[in-house]
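Okay, so the sequence shown: first residue is 4 according to our numbering, each after it adds one.
The beta carbon of each residue, even a glycine, is placed where N, CA and C say it ideally should be.
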Amino acid sequence: MDYDLLQLQEIYAPRPVAVPPVNATRELMQLPGGEIRHYHLLEQELVSDYFLASKDYGLSWKKFPAPPNCPGATVCSPYSGDFLTLRTDRSSPQQLLLFRSQNGCDGDYTRTAVATLSGGLVCRQPLPLRRIKRWVLPVQEHRPGEPRRCPAVLLSDDDGYSWQSVHLPTLPVLKVAAPHQGVRWLDCGPEPTIAELADGRLMMLLRTAMDFYYQSFSDDYGQTWTAAEPSPFYGTITSPLLLTLSSGQLLFFGNLTQPLPELAHQQTAYLNDSELSGQSEDVFTNRDVLHAALSDDHGRTWQGFREIWLNPLRNAADFRLAGGRADSNDRSVHQAQALELPDGKILVACGQHPLSRMMLIFASDWLLEKERSDDFSCGLGDWSVHQYVKSRLGNTRGPATGHCAYNRRPGAALIPSPLDYRECLQVARFADPRLIEERQGAVWNFPMAARGFLRLEFMPQSGAGEVLFLLHDHWLNPTDVNARQYACLSLQLQPGGQIGPEQSRLNEKNVLEIFWHCANLQDCFFRLNDAAMQPIEFLRPPLHGLNYLHIQSASANTDPLGVLIFSVKAGQR
Numbered sequence: 004m005d006y007d008l009l010q011l012q013e014i015y016a017p018r019p020v021a022v023p024p025v026n027a028t029r030e031l032m033q034l035p036g037g038e039i040r041h042y043h044l045l046e047q048e049l050v051s052d053y054f055l056a057s058k059d060y061g062l063s064w065k066k067f068p069a070p071p072n073c074p075g076a077t078v079c080s081p082y083s084g085d086f087l088t089l090r091t092d093r094s095s096p097q098q099l100l101l102f103r104s105q106n107g108c109d110g111d112y113t114r115t116a117v118a119t120l121s122g123g124l125v126c127r128q129p130l131p132l133r134r135i136k137r138w139v140l141p142v143q144e145h146r147p148g149e150p151r152r153c154p155a156v157l158l159s160d161d162d163g164y165s166w167q168s169v170h171l172p173t174l175p176v177l178k179v180a181a182p183h184q185g186v187r188w189l190d191c192g193p194e195p196t197i198a199e200l201a202d203g204r205l206m207m208l209l210r211t212a213m214d215f216y217y218q219s220f221s222d223d224y225g226q227t228w229t230a231a232e233p234s235p236f237y238g239t240i241t242s243p244l245l246l247t248l249s250s251g252q253l254l255f256f257g258n259l260t261q262p263l264p265e266l267a268h269q270q271t272a273y274l275n276d277s278e279l280s281g282q283s284e285d286v287f288t289n290r291d292v293l294h295a296a297l298s299d300d301h302g303r304t305w306q307g308f309r310e311i312w313l314n315p316l317r318n319a320a321d322f323r324l325a326g327g328r329a330d331s332n333d334r335s336v337h338q339a340q341a342l343e344l345p346d347g348k349i350l351v352a353c354g355q356h357p358l359s360r361m362m363l364i365f366a367s368d369w370l371l372e373k374e375r376s377d378d379f380s381c382g383l384g385d386w387s388v389h390q391y392v393k394s395r396l397g398n399t400r401g402p403a404t405g406h407c408a409y410n411r412r413p414g415a416a417l418i419p420s421p422l423d424y425r426e427c428l429q430v431a432r433f434a435d436p437r438l439i440e441e442r443q444g445a446v447w448n449f450p451m452a453a454r455g456f457l458r459l460e461f462m463p464q465s466g467a468g469e470v471l472f473l474l475h476d477h478w479l480n481p482t483d484v485n486a487r488q489y490a491c492l493s494l495q496l497q498p499g500g501q502i503g504p505e506q507s508r509l510n511e512k513n514v515l516e517i518f519w520h521c522a523n524l525q526d527c528f529f530r531l532n533d534a535a536m537q538p539i540e541f542l543r544p545p546l547h548g549l550n551y552l553h554i555q556s557a558s559a560n561t562d563p564l565g566v567l568i569f570s571v572k573a574g575q576r
């Protein structure tokens, strides 16, 4: 009996199994015999010095030294059995190097310049197609007269010995308009990901400076591509990932998040020209949550949109410096690489800094759950509640400096329930001049629901200020003061406890229910304490449905009372 497989079958929700030895982009691989490896790479030398290996489906890992001149993770060619990968030459950035072994994964690798890639970056492994003998590799490159990196695709029809380039158009940039006061990093099309769909088409997702990932398709195995357009996924200056499963289903990974509005950079004296002009970033505020979604119809529709990993550092008061610089100064959970395991399980490596990144195993069916609930009996592990502390922004300025980040502190907190010995969540506003925004917020994810419900047990308190109950179709910062502007549905808990025409009971437990139907706007109501249904209108139509509850203090002044939350439940109906 395969006891390792039995253990694997028990995994359902995402379970951490190991910390990857390097940023999660391209160093994960699976050998033909089933062994899984995640390499550490010495970037300047383009060789690996060690790797983590698992022979039990990713359940446990051991560290091993890498063979001499090992290029890190490679891909086994289905056409020849050779192991190969491509990287840009650090000493000559114009050169694209092919590493190839004809003697197995641990064999001797030849290093050959096979193409030019001006100032390029190869963040993915080459993808062998199933229908024809062709390798496809999404890359990014510099082009004459264009300050931004642009997307491109490399193709090889001779098993990697030579490559041709397909150049994709430059993507648009975000215009400065309210609520933004400054330019966003002009990050237009780098770090693309490609998947071969079950119907033979290729689908590409592109990282952008817009509020959405962009998508493009190819019907001729990568030779030509449709004009890139906004995809059905929110995402800003983060890296998406696509993975085709053996069933033909398609998995998406990415940060379905929205950063805080851009600041008036010119008012910050210490920012350099690159940060002021948008050639680099000043601060990241949307890299603390990684999501996954599943498609059964070649990417036409998607299900799930669930959080699979939240940044363990998201509440850290020393966020900018926690753990030291290590091999990455980005403390985020953006970037991912994944592979399929037996029994419908998925292994995904994600994140950047060692204190943030993780390898996880989960069941793809977990994405298809219909509902979710929380009564805080396991704490706030599934909630985003952080507040940002005023910090020095911009890129790293040397050792012992942070990188494009605010320090944080926990905001909304668990306090003793006034009703029993349990704890409840308080969302309020406390005076603290160190904070970017004093108004607390709490953000919670549930399975995407086009026709859904929310049930919320809460206590309005005498003398408390206004509180917002918002429903979104993507993650927003807990303290984003523009949250209602971006919300799909909104209810206001007024001082005194009124919600719309209904009056809640002060200093007692109340039950608020919200029902919505994205395809029938007349089928949207809320109900307070089993009273009559009251209509509620969408502020804007969601893309797929609703999958986030956002509770936020809207008090104009200090409000140490706020609202108390006892339990939440939401999902499909």
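Counting along the chain, the unbroken beta strand (DSSP E) around LEU297 starts and ends at 292 to 298. Every unbroken stretch of the beta strand (DSSP E) spanning 3 or more residues and falling wholly within the segment 230 to 285 is given here in chain order: 232 to 237, 244 to 247, 253 to 257. Listed in chain order, the non-local C-beta contacts of ILE14 below 7 Å within the same chain comprise LYS348, ILE364, PHE365, ALA366, local neighbours out to five positions each way being set aside. If you compare the alpha carbons of GLU30, ASP59, TRP64, MET32 with that of ALA21, the shortest gap goes to TRP64. By the beta-carbon neighbour count (other beta carbons within 10 angstroms, threshold 16), LEU370 is buried.
Three or more Cβ pairs closer than 8 Å define a contact, and the segment 566 to 575 meets that threshold against the segment 448 to 465. Here GLN12 carries a helix assignment [DSSP, helix/strand/coil]. ALA452: member of the beta strand (DSSP E) spanning 444 to 452, first to last residue. A residue is called buried when at least 16 other Cβ atoms come within 10 angstroms of its Cβ; PRO71 does not meet this threshold and is exposed. In this structure, the CA atom of ASP385 is about 35 Å from the CA atom of PRO154. Here GLY302 has LEU200, MET206, LEU253 as same chain residues with Cβ atoms under 7 Å from its own Cβ, once five neighbours each way along the sequence are excluded. For TYR42, the enclosing beta strand (DSSP E) has its first and last residue at 39 to 45. Contact between the segment 124 to 142 and the segment 79 to 99 is present: 3 or more CB-CB pairs across the two stretches fall below 8 Å. Around the beta carbon of GLU265, 16 or more other beta carbons sit within 10 angstroms, so the residue counts as buried. The bridge partners DSSP lists for ARG458 are GLU516, LYS572. In the DSSP secondary-structure assignment, LEU157 is bridged to LEU140, SER168. Distances from the CA of ARG530 to each of PRO131, HIS406, TRP519 were compared; the closest alpha carbon is that of TRP519.
Here SER367 carries a helix assignment [DSSP, helix/strand/coil]. According to the DSSP assignment, TYR551 belongs to the beta strand (DSSP E) that extends over 549 to 556. For ASP202, same chain residues with a beta-carbon under 7 Å away, outside a window of 5 residues either side, are HIS301 in chain order. Counted as a single uninterrupted DSSP element, the beta strand (DSSP E) harbouring TYR391 occupies residues 389 to 392. No Cβ-Cβ contact shorter than 7 Å links CYS381 with PHE569. In the DSSP assignment, ALA352 falls within the unbroken beta strand (DSSP E) covering 348 to 353. DSSP, read as helix, strand or coil, puts TYR224 in coil. Within the DSSP secondary-structure output, ILE418 pairs in a beta bridge with CYS427.
ALA486 sits in a helix when the DSSP states are folded into three classes.
Taking C-beta separations shorter than 7 Å and ignoring five residues to either side along the sequence, the partners of TRP188 in its chain run ALA212, ILE240, GLY281, SER283, GLU284, following chain order.
Beta-bridge partners of GLU374 (DSSP): GLY574. Across the structure, SER95 and VAL571 are spaced so that their CA atoms are roughly 56 Å apart.
Every unbroken stretch of the beta strand (DSSP E) spanning 3 or more residues and falling wholly within the segment 60 to 101 is given here in chain order: 65 to 68, 86 to 91. Comparing alpha-carbon positions, the option among GLN270, VAL484, GLY466, GLY192 lying closest to ALA445 turns out to be VAL484. Residue pairing of MET32 in beta bridges, as defined by DSSP: ARG40. DSSP places GLN525 outside any beta strand (DSSP E), giving it a letter other than H or E. Look at TYR217 here: in three-state DSSP terms it is strand.
PHE220 and LEU316 have their alpha carbons spaced roughly 36 Å apart. For PRO19, the uninterrupted beta strand (DSSP E) run begins and ends at 18 to 21, by DSSP.
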